[in-house]
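Going by this note's numbering, the first residue of the sequence shown is number 83, and it counts up by one from there. One structure below.
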Amino acid sequence: EEYDPNNILLRQAFHEVLTHQMDEERLRNALTRISNSRIVLTFPNQLTPLSFPIIVDGLSRISLSSEKLEDRVKKMQVQLERS
Numbered sequence: 083e084e085y086d087p088n089n090i091l092l093r094q095a096f097h098e099v100l101t102h103q104m105d106e107e108r109l110r111n112a113l114t115r116i117s118n119s120r121i122v123l124t125f126p127n128q129l130t131p132l133s134f135p136i137i138v139d140g141l142s143r144i145s146l147s148s149e150k151l152e153d154r155v156k157k158m159q160v161q162l163e164r165s
């Protein structure tokens with residue numbers, strides 16, 4: 083092994099990351115709430131504020147149109163604002 087898993091400094095660093103940077107307790111509580119919740123799937127007929135960045139990211143990865151990504155995004159924004 084490259085390191086001693088029982089090294090006190092390594093254990094301390096691991097503990098600090100879990101408690102301070104990842105906020106382990108809040109993360110566990112959130113995951114527990116999610117696992118105990120009822121998930122409802124919906125299929126909106128139009129873009130939603132949450133879906134917009136995901137769609138734009140997908141559009142930036144594929145090029146099926148000669149239209150610039152920026153122009154396509156502007157059209158989508160206008161469409162979202164109208165609804």
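Virtual Cβ for every residue (Gly too), placed ideally from N, Cα, C. All of these numbers come straight from a predicted model, not from anything done at the bench.
| query | result |
| --- | --- |
| DSSP three-state assignment for Pro131, whether helix, strand or coil | coil |
| CB contact below 8 angstroms: Thr114 versus chain D | Among the chains in the structure shown there is no chain D, since it carries only a single protein chain. |
| Span separating the alpha-carbon of Asn118 from that of Met104 | 22 angstroms |
| Contact between the region 144-164 and the region 108-125 (3+ Cβ pairs under 8 angstroms) | no |
| Between the CA atoms of Arg143 and Ile90 - distance to the nearest angstrom | 45 angstroms |
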